[in-house]
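Chemist:
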Amino acid sequence: MSFDDWILALHLLSAFAYVAAIVLFWVIIVAGRNVDTPEATISVAPMARLGTVAVGIGGGGTLLFGIWLALSYGGYDLWDGWIIAGIVLWAIAGGLGQRTGVEYARGVRKAIELRDAGQRGPNPELLGLNRTQRGLVLHTLVTVAVLLILIDMIWKPGA
Amino acid sequence: MTMVLAAVRPDSWNFPLFVHILGAMILVGGLVTAAGALAWARGDAASLRLGYRSLLAVAFPGWIVMRIGAEWIYSKEGWDELPDSAQPAWLGIGYLLADAGGLILLISLIVGGVGVYRMREGKGSGLLKTTLILSLILLAAYVVAVWAMSGKPD
Chain A
55 MSFDDWILAL HLLSAFAYVA AIVLFWVIIV AGRNVDTPEA TISVAPMARL GTVAVGIGGG
115 GTLLFGIWLA LSYGGYDLWD GWIIAGIVLW AIAGGLGQRT GVEYARGVRK AIELRDAGQR
175 GPNPELLGLN RTQRGLVLHT LVTVAVLLIL IDMIWKPGA
Chain B
728 MTMVLAAVRP DSWNFPLFVH ILGAMILVGG LVTAAGALAW ARGDAASLRL GYRSLLAVAF
788 PGWIVMRIGA EWIYSKEGWD ELPDSAQPAW LGIGYLLADA GGLILLISLI VGGVGVYRMR
848 EGKGSGLLKT TLILSLILLA AYVVAVWAMS GKPD
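First to last, the protein sequences are chains A and B.
Per the working numbering, the very first residue in the first sequence carries number 55; after that it's consecutive.
Per the working numbering, the very first residue in the second sequence carries number 728; after that it's consecutive.
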């Protein structure tokens with residue numbers, strides 16, 4: 055394996071970590087739509103942290119190793135249209151993902167408040183926060199952006 | 728070499744490759760989610776069920792899509808016209824891990840399914856721990872598969 059092959063493998067492994075995190079967040083979002091108690095809401099926090107770590111490693115790795123490949127491999131340039139499109143989509147997905155996290159963190163914060171106040175039973179406001187429509191739309195957009203990146207990386211339009 | 732091959736890849740290979748990679752990504756996502764939920768469950772029934780359902784409803788369909796895509800791109804690239812001895816090592820690693828992984832996934836689904844069923848009687852956590860261990864083994868195997876399929880070692 056050449057050095058470029060290793061970088062390509064790391065680029066792909068990072069992309070897998072990124073998409074794995076998006077899948078993980080989908081499972082949390084779908085499962086959370088019926089969660090109305092503080093304890094159940096807080097119990098998904100470690101999984102959400104795992105997702106956040108995977109997004110960080112995956113997002114950083116795909117960009118870093120992707121740029122490295124674009125500079126290292128003679129057939130491609132950083133300013134090729136499909137590479138610029140990939141970087142723009144990566145930035146969009148990152149920005150939207152950060153907003154999605156803020157949206158769903160409201161439910162966790164409310165759950166902690168309720169638990170600290172001694173309330174352990176179902177709470178309609180908490181259910182509403184866990185079912186945030188805005189969060190759902192934002193995560194759908196993140197997923198679409200990442201799918202477009204995958205399509206862009208495979209078809210390489212204009213290459 | 729990989730990059731050169733990627734650069735000259737015919738357009739007709741792109742969609743099968745997309746199906747293969749997307750399926751593999753969903754499979755890995757389902758495994759990470761299942762392993763996370765089972766690892767942090769600490770006996771919580773809802774988290775254990777969530778972990779099992781992630782395997783059943785995310786990882787397993789992902790494996791099927793990945794495997795369909797694999798067979799599709801395999802025939803598109805013409806590997807099926809070559810004898811086994813002429814096929815590269817990375818292809819063999821990918822096939823071995825995909826198929827052996829599928830069998831382990833099936834076993835973990837059966838073991839986990841029995842575990843979830845037995846949870847009604849307050850039992851089954853041991854079986855779900857086995858499912859967690861199998862999920863982690865699968866995850867490690869698929870990391871190797873991704874490395875082999877992308878880096879294409881000789």
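Positions of the beta carbon are idealized from the N, C-alpha and C atoms, including for glycine.
From a predicted model like this one, the values you see are computed outputs, not experimental measurements.
#1: Reducing DSSP to helix, strand and coil, say where residue 786/B ends up.
#2: Listed from N- to C-terminal order along the chain, which residues in the region 61–73 of chain A have their beta-carbon within a distance smaller than 7 Å of any beta-carbon of chain B?
#3: Please report the distance separating the alpha-carbon of residue 738/B from that of residue 209/A.
#4: List, in order along the chain, the chain B residues whose C-beta lies closer than 7 Å to that of residue 77/A?
#5: Would you identify the three-state DSSP class for residue 163/A, choosing helix, strand or coil?
#6: Would you say residue 799/B reaches chain A, if we count a Cβ-Cβ gap shorter than 8 Å as a contact?
#7: Is the beta carbon of residue 144/A less than 8 Å from the beta carbon of residue 76/A?
#8: For residue 730/B, which residues in the same chain have their Cβ closer than 7 Å to its Cβ, ignoring the five residues on either side in sequence?
#9: Does the separation of the CB atoms of residue 859/B and residue 845/B fall below 8 Å?
#10: Could you tell me the alpha carbon to alpha carbon distance between residue 177/A and residue 184/A, rounded to whole angstroms?
#11: Under a CB-based cut-off of 8 Å, is residue 219/A close to chain B?
#12: Hey, could you find the ends of the alpha helix (DSSP H) residue 184/A is sitting in?
#13: Could you tell me which whole alpha helix (DSSP H) segments of length 4 or greater appear in the region 733–821 of chain B?
#14: Helix, strand or coil for residue 91/A, going by three-state DSSP, please let me know.
#15: Which residues in chain A have a C-beta closer than 8 Å to the C-beta of residue 820/B? List them in chain order.
#16: Mind checking residue 787/B: buried by the 16 CB within 10 Å criterion, or exposed?
#17: Cβ of residue 743/B less than 8 Å from any chain A Cβ?
#18: Express the C-alpha separation of residue 759/B and residue 92/A in angstroms, rounding to a whole number.
#19: Is residue 107/A near residue 200/A, with beta carbons less than 8 Å apart?
#20: Can you check which of these residues, 211/A, 59/A, 100/A, 179/A, is closest to residue 766/B by C-alpha distance?
#21: Residue 874/B CB to nearest chain A CB: under 8 Å?
#22: Quick one: give me the first and last residue of the alpha helix (DSSP H) that residue 100/A is part of.
#23: Determine, using beta carbons only, whether residue 204/A comes closer than 8 Å to chain B.
#24: Spatial neighbours of residue 772/B within its chain, please: C-beta separation below 7 Å, excluding the five flanking residues on both sides.
#25: Given 8 Å as the limit, is there contact between the region 106–123 of chain A and the region 801–818 of chain B, that is, 3 or more CB pairs closer than that?
#26: According to DSSP, simplified to helix, strand and coil, what is residue 85/A?
#27: Using Cβ-Cβ distances below 7 Å, what residues of the region 110–132 of chain A are close to chain B?
Modeler: This is what the structure gives:
#1: Taking the second sequence and counting its residues from 1, the one referred to as residue 786/B is at position 59. Of the three classes helix, strand and coil, the one that applies to residue 786/B here is helix, per DSSP.
#2: 62, 63, 66, 67, 70, 73
#3: Residue mapping note: residue 738/B aligns to position 11 of the second sequence, counting from 1. Residue mapping note: residue 209/A aligns to position 155 of the first sequence, counting from 1. Between residue 738/B and residue 209/A, the C-alpha separation is close to 7 Å.
#4: Indexing the first sequence from 1 puts residue 77/A at position 23. Chain B residues near residue 77/A: 753, 756, 757, 760, 785.
#5: Here residue 163/A refers to the residue found at position 109 of the first sequence. In this structure, residue 163/A counts as helix in the three-state DSSP scheme.
#6: Within the second sequence, residue 799/B is the residue found at index 72, counting from 1. Answer no: the Cβ-Cβ gap between residue 799/B and chain A never drops below 8 Å.
#7: In the first sequence, the residue the question calls residue 144/A occupies position 90. In the first sequence, the residue the question calls residue 76/A occupies position 22. No, Cβ-Cβ distance for residue 144/A and residue 76/A is not below 8 Å.
#8: Residue mapping note: residue 730/B aligns to position 3 of the second sequence, counting from 1. Unreliable positioning characterises residue 730/B in this predicted model, as indicated by a pLDDT of 44, which lies under 50. The coordinate reading is nonetheless provided below. Excluding residues within five positions, none has a Cβ falling inside 7 Å.
#9: Within the second sequence, numbered from 1, the residue matching residue 859/B stands at position 132. Within the second sequence, numbered from 1, the residue matching residue 845/B stands at position 118. Against a cut-off of 8 Å, the Cβ pair of residue 845/B and residue 859/B comes out as no contact.
#10: In the first sequence, residue 177/A corresponds to position 123, counting from 1. In the first sequence, residue 184/A corresponds to position 130, counting from 1. Answer to the nearest angstrom: the Cα atoms are 11 Å apart.
#11: Here chain A comprises residues numbered 55 to 213, so residue 219/A is not present and cannot be evaluated.
#12: The count along the first sequence starts at 1 and reaches residue 184/A at position 130. Per DSSP, residue 184/A belongs to the alpha helix (DSSP H) from 178–184.
#13: 741–766, 772–781, 787–803
#14: Along the first sequence, one-based indexing puts residue 91/A at 37. Reduced to three states, the DSSP call for residue 91/A is coil.
#15: Position 93 of the second sequence, counting from 1, holds the residue named residue 820/B. Per Cβ cutoff of 8 Å: no residues; residue 820/B is ~12 Å from chain A at best.
#16: The sequence position of residue 787/B within the second sequence is 60, counting from 1. With 16 or more Cβ atoms within 10 Å of its Cβ, residue 787/B is classed as buried.
#17: Here residue 743/B corresponds to residue number 16 of the second sequence, with the count starting at 1. Closer than 8 Å: no.
#18: For the purposes of this step, residue 92/A is identified with residue 38 of the first sequence, where counting begins at 1. For the purposes of this step, residue 759/B is identified with residue 32 of the second sequence, where counting begins at 1. If I take the Cα positions, the gap works out to 24 Å.
#19: Walking along the first sequence from the start, residue 107/A turns up at place 53. Walking along the first sequence from the start, residue 200/A turns up at place 146. Not a contact, by the Cβ cut-off of 8 Å.
#20: For the purposes of this step, residue 766/B is identified with residue 39 of the second sequence, where counting begins at 1. It is 100/A.
#21: Here residue 874/B refers to the residue found at position 147 when the second sequence is read from its first residue. Closer than 8 Å: yes.
#22: Here residue 100/A refers to the residue found at position 46 when the first sequence is read from its first residue. It spans 99–126 - the alpha helix (DSSP H) in which residue 100/A sits, taken as one unbroken run.
#23: In the first sequence, residue 204/A corresponds to position 150, counting from 1. It does; some Cβ of chain B falls within 8 Å.
#24: Your numbering for residue 772/B matches position 45 in the second sequence. Excluding positions up to five away in sequence, the list reads 846.
#25: no
#26: As a first step, residue 85/A must be located in the first sequence, where it is residue number 31. Correct three-state label for residue 85/A: helix.
#27: 127, 129
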